[in-house]
Amino acid sequence: MLGLFGKKANSLLGIDISSTSVKLIELSNNNGRYRVESYAVEPLPQNSVVEKNINDPQAVGEAVKRVVAKSRTSLRTAAVAVAGSAVITKTIQMPAGLSERDLESQITIEADQYIPYPLDEVAIDFEVLGPSELNPDQVDVLLAACRKENVEMREDVLDIAGLKAKVVDVEAYAMERAFKLLESQFEPSSEELVIAIIDIGATMTTLSVLVDGKTIYTREQLFGGKQLTEEIQRRYGLSQEEAGLAKKQGGLPDDYEFEVLEPFKEAVVQQVSRSLQFFYSSSQYNEVDYVVLAGGTASTPGLADKVQERIGIPAILANPFSDMAISSRVNAGALSNDAPSLMIACGLAMRSFD
């Protein structure tokens with residue numbers, strides 16, 4: 286059995302390996318109040334990770350080593366995550382009152398009817414959710430399975446960086462954990478809130494819908510901030526690195542706002558709208574209460590306002606650190622700018638306190 290959920294661990298680094306960068310967060314918790322102890326972001330070499338698959342473990346491991354050095358953390362254990370699309374999850378019913386060991390052997394025997402891969406190729410984990418509503422003699426158990434190579438690749442990468450993977454989580458669960466930190470930003474409501482988190486990375490956009498703080502729907506599609514970088518490259522004859530920097534720091538010609546940035550924002554609004562339509566058509570819901578924009582692209586100036594204005598749903602930028610204390614060695618301004626892209630890393634770091 287592999288800790289896809291992990292057991293109680295002491296302080297862990299949350300390390301999020303996306304397709305363009307490695308992000309690190311270390312948190313401490315004092316009487317229920319979190320504090321950011323270290324944080325760093327390190328770009329990845331081009332194509333070392335493609336659509337969340339690690340292509341070049343050595344290059345990614347070296348980048349993790351650099352991000353750890355940059356953050357000046359002393360921790361050497363970490364939590365990482367696999368993409369939701371790489372994981373099969375299923376809620377199954379099991380007899381109540383089984384010991385953990387009996388439950389484990391029972392699940393191992395029955396797992397092959399739920400998992401479409403040969404069992405020797407998968408890592409399996411489970412978590413008891415509580416008594417089953419359907420039958421009081423049974424408990425609901427969340428079963429998660431992932432191909433071993435996805436897990437081992439992440440463990441190898443951390444190994445190269447001199448770290449130990451204590452927890453291999455699932456991105457959607459890390460996002461859900463970090464989401465708890467945003468709840469103070471919503472208007473209090475007597476109804477359960479339906480929240481759409483739209484995580485716009487460099488190449489992938491993931492929609493997660495949470496009802497009452499629990500994920501009920503996720504969908505990934507190929508679309509991301511890389512399209513804006515490529516358009517800047519093409520139009521202004523810059524290298525990928527120059528275009529990426531110009532996108533963040535400014536200094537582009539006057540026509541950039543109108544000719545390049547606005548059309549890209551329009552494309553984001555269309556993606557958000559389309560993702561929500563997919564969700565409505567495949568669920569009992571036909572509206573959401575809030576849209577939360579996460580991921581590196583979410584920080585694009587004016588994007589949240591544009592989404593809110595065009596879709597007619599309140600839109601906020603994800604900032605899991607807004608109520609946290611911040612260590613003096615952390616650059617608070619940079620942390621605030623990067624906050625929307627740090628939801629998964631933050632959710633992973635929170636595993637220290639489960």
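Mapping the sequence shown onto my numbering, position 352 (from 1) lands on 637, and the numbers just tick up by one. All C-beta atoms in this analysis are idealised placements derived from N, C-alpha and C, irrespective of residue type, glycine included. As the structure is a prediction and not an experimental result, all values here were calculated from the model.
Given a threshold of 16 other Cβ atoms within 10 Å of its Cβ, counted over all protein chains shown, does residue i qualify as buried or as exposed?
i	result
Ile302	buried
Val304	Looking at the sequence itself, residue 304 is Ser, so the reference to Val does not match. Result: buried.
Lys451	buried
Phe508	buried
Ile483	buried
Asp454	buried
Asp623	buried
Ile485	buried
Gly536	exposed
Could you tell me the alpha carbon to alpha carbon distance between residue i and residue j, rounded to whole angstroms?
i	j	result
Lys420	Leu297	For the record, residue 420 in the displayed sequence is Asn; it is not Lys. Roughly 37 Å separates the two Cα atoms.
Pro403	Cys431	11 Å
Thr500	Val494	6 Å
Ala446	Pro328	15 Å
Gly299	Thr376	26 Å
Tyr570	Leu561	10 Å
Ile400	Leu414	20 Å
Ile517	Glu406	42 Å
Ser621	Ser390	46 Å
Val334	Asn340	5 Å
Lys449	Glu347	15 Å
Glu437	Glu594	44 Å
Gly618	Ala531	18 Å
Ser359	Val326	16 Å
Gln423	Ala381	5 Å
Ser649	Val496	No answer is possible for residue 649: it lies beyond the span of the chain, which begins at 286 and ends at 639.
Gly369	Phe549	26 Å
Quick one: grab the DSSP three-state call for residue i.
i	result
Lys337	coil
Ala552	helix
Glu468	helix
Leu620	helix
Gln343	helix
Thr514	helix
Ile394	helix
Met438	helix
Ala531	helix
Glu385	helix
Ser493	strand
Val573	coil
Ser637	helix
Gly581	helix
Met379	strand
Ile373	strand
Leu298	strand
Taking C-alpha atoms, which residue in the options lies nearest to residue i?
i	options	result
Ile601	Ser637, Val576 and Gly299	Val576
Ala610	Val321, Tyr570, Cys431 and Leu627	Val321
Arg361	Leu620, Asn316 and Glu440	Glu440
Asn435	Val592, Val367, Phe638 and Val452	Val367
Pro416	Ala363, Val545, Val442 and Gln378	Gln378
Val554	Ile598, Glu336 and Ala624	Ile598
Leu546	Ser524, Phe564, Gly510 and Lys350	Gly510
Ala344	Ser356, Ser626, Val442 and Arg357	Val442
Cys631	Ala603, Arg614 and Asn616	Ala603
Gln534	Thr585, Tyr319 and Leu578	Thr585
Asp410	Gly581, Ser384, Glu311 and Ile373	Ile373
If you follow the alpha helix (DSSP H) that residue i is part of, which residue opens it and which one closes it?
i	result
Ile629	Met628 to Ala634
Glu594	Leu588 to Ile596
From what residue to what residue does the beta strand (DSSP E) around residue i run?
i	result
Val455	Lys449 to Val455
Glu412	Val407 to Pro416
Tyr502	Lys499 to Leu507
Ser313	Ser306 to Asn315
Val615	That residue, Val615, is in no beta strand (DSSP E); it is neither H nor E in DSSP.
Ile400	From DSSP, Ile400 is part of no beta strand (DSSP E); its letter is neither H nor E.
Thr358	Per DSSP, Thr358 belongs to no beta strand (DSSP E) and is neither H nor E.
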